[in-house]
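Shown next, in structure tokens, is the structure this report addresses.
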Amino acid sequence: MRRYNNHFALAGLLLAVFTVTASAADRIVTLGGAVTEFVFALDSGDRIVARDSSSLYPEPVRALPDVGYFRTIGAEGVLALRPSLVLAAHGTGPESQVRLLEQAGVPLVRFDGAPSSRAVLANLRRLGSALGREAEAEALAEELRDRLGAVQRQLEGVRRPTAVFLMQISATSASAAFPGTAADALIALAGGANPLSGNSGYKTLTAEALLRIDPEVVFHAEIPGQATARLPGWLKATRAGRAGRIHTLDLGFHLSFGPRLAEAVSETAALIHPDLDFNP
604 MRRYNNHFAL AGLLLAVFTV TASAADRIVT LGGAVTEFVF ALDSGDRIVA
654 RDSSSLYPEP VRALPDVGYF RTIGAEGVLA LRPSLVLAAH GTGPESQVRL
704 LEQAGVPLVR FDGAPSSRAV LANLRRLGSA LGREAEAEAL AEELRDRLGA
754 VQRQLEGVRR PTAVFLMQIS ATSASAAFPG TAADALIALA GGANPLSGNS
804 GYKTLTAEAL LRIDPEVVFH AEIPGQATAR LPGWLKATRA GRAGRIHTLD
854 LGFHLSFGPR LAEAVSETAA LIHPDLDFNP
């Protein structure tokens with residue numbers, strides 16, 4: 604179950620552009636779904652006055668004003684809400700609008716997109732300090748570290764099946780996650796081995812190239828209305844397809860490296876290693 608739990612930790616590399624006192628941060632605007640979850644994870648959801656359109660979890664946040672998609676934000680709409688603090692995900696833009704927020708004197712905290720558990724733990728504590736939630740942040744960091752550690756202990760000495768994550772799958776190609784992506788980091792944490800190397804980010808590979816790689820497990824982005832049965836024949840001809848090991852991932856849950864990271868890793872590990880029992 605993908606229940607929200609205040610005992611999960613936040614992720615991402617935190618960059619403080621302004622110093623914010625905890626008492627002043629009582630009108631928070633969150634830009635980015637994972638960022639919004641971060642604030643709720645530190646028991647500060649009641650301080651959010653608006654969020655961006657990608658912030659859909661936890662459920663209560665949907666009732667808040669929507670200032671638009673975080674990658675195409677408008678400074679005027681954000682400033683109209685008189686925020687005392689803006690929390691912005693990696694990729695918030697355009698930069699011209701971000702500069703307008705800064706020039707208006709709005710305290711701004713940005714998150715880098717580094718998908719690593721080390722960044723999660725270190726920067727949870729930093730955000731806890733910014734929000735006056737130091738004790739809560741420390742408790743969350745300890746629990747997340749323990750839960751991720753439990754998964755890693757189960758994976759010790761286990762063979763790591765090859766696994767890839769694909770997007771934009773067509774009859775002739777797909778966009779594949781190479782090192783440096785959240786998908787690559789998730790696969791590693793979940794006990795898989797990404798066979799793709801020599802590049803970073805997402806790169807388009809032909810169906811022939813992916814058939815030569817022949818991964819044991821395939822993950823692809825969850826797309827409403829697109830079932831595994833409707834995927835192209837070449838994908839179903841891979842080892843993963845023949846073994847029924849093509850799985851969907853929810854981008855907002857599995858790849859955000861947000862407060863539900865331990866649950867996402869456990870679920871993914873269970874798909875890669877169905878013979879092991881992972882309790883999220």
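Numbered by the working numbering, the letters in the sequence shown go through residues 604 to 883 in order.
Note that beta-carbon positions come from the ideal geometry of N, C-alpha and C, so glycine has one too.
With burial defined as no fewer than 16 other Cβ atoms inside 10 Å of the residue's Cβ, what is the status of residue i: buried or exposed?
| i | result |
| --- | --- |
| residue 648 | buried |
| residue 863 | buried |
| residue 861 | buried |
| residue 792 | buried |
| residue 879 | exposed |
| residue 871 | buried |
| residue 818 | buried |
| residue 657 | buried |
| residue 655 | buried |
| residue 869 | buried |
| residue 867 | buried |
| residue 628 | buried |
Between residue i and residue j, how many whole angstroms is the CB-CB distance? I'm expecting something under 8 Å.
| i | j | result |
| --- | --- | --- |
| residue 692 | residue 714 | 5 Å |
| residue 670 | residue 639 | 12 Å between Cβ atoms; not a contact. |
| residue 672 | residue 636 | About 11 Å separates the two Cβ atoms, so there is no contact after all. |
| residue 653 | residue 632 | 5 Å |
| residue 881 | residue 754 | 6 Å |
| residue 893 | residue 838 | With the chain running from 604 to 883 in the structure shown, residue 893 is simply not present. |
Could you say which of the options lies nearest to residue i if we only look at CA atoms?
| i | options | result |
| --- | --- | --- |
| residue 803 | 686, 784, 820, 702 | 784 |
| residue 843 | 860, 852, 822 | 822 |
| residue 849 | 695, 824, 680 | 824 |
| residue 721 | 774, 875, 788 | 788 |
| residue 718 | 859, 869, 875 | 859 |
| residue 697 | 676, 668, 658, 764 | 676 |
| residue 874 | 768, 834, 820 | 820 |
| residue 548 | 786, 702, 790, 845 | An answer regarding residue 548 cannot be provided, because it is not within the stretch 604 to 883 covered by the chain. |
| residue 841 | 811, 763, 773 | 811 |
| residue 716 | 786, 806, 687 | 786 |
| residue 790 | 668, 839, 833, 767 | 767 |
| residue 735 | 856, 837, 642 | 642 |
| residue 853 | 769, 668, 651, 703 | 769 |
| residue 687 | 703, 651, 680 | 651 |
Output needed for residue i: all residues of its chain with C-beta closer than 7 Å, excluding positions within five of it in sequence on either side, in chain order.
| i | result |
| --- | --- |
| residue 737 | 731 |
| residue 740 | 645, 727, 728, 730, 731 |
| residue 808 | 776, 777, 779 |
| residue 724 | 612, 744, 747, 748 |
| residue 761 | 794, 876 |
| residue 700 | 676, 677, 678 |
| residue 685 | 630 |
| residue 774 | 835 |
Checking contacts by CB at 8 Å: is residue i closer than that to chain D?
| i | result |
| --- | --- |
| residue 730 | Judged by its chain identifiers, the structure shown contains no chain D, having just a single protein chain. |
Give every residue of the same chain whose Cβ lies closer than 6 Å to the Cβ of residue i, excluding the five residues on either side of it in the sequence, and list them in chain order.
| i | result |
| --- | --- |
| residue 877 | none |
| residue 758 | 794 |
| residue 707 | 682 |
| residue 690 | 633, 638, 712 |
| residue 674 | 694, 696 |
| residue 765 | 796, 798, 818, 819 |
| residue 763 | 794, 795, 796 |
Can you give me the Cβ contacts of residue i inside the same chain, cut-off strictly under 8 Å, excluding the 5 residues immediately before and after it?
| i | result |
| --- | --- |
| residue 800 | 781, 782 |
| residue 805 | 770, 778, 779, 780, 781, 784 |
| residue 668 | 652, 653, 654, 684 |
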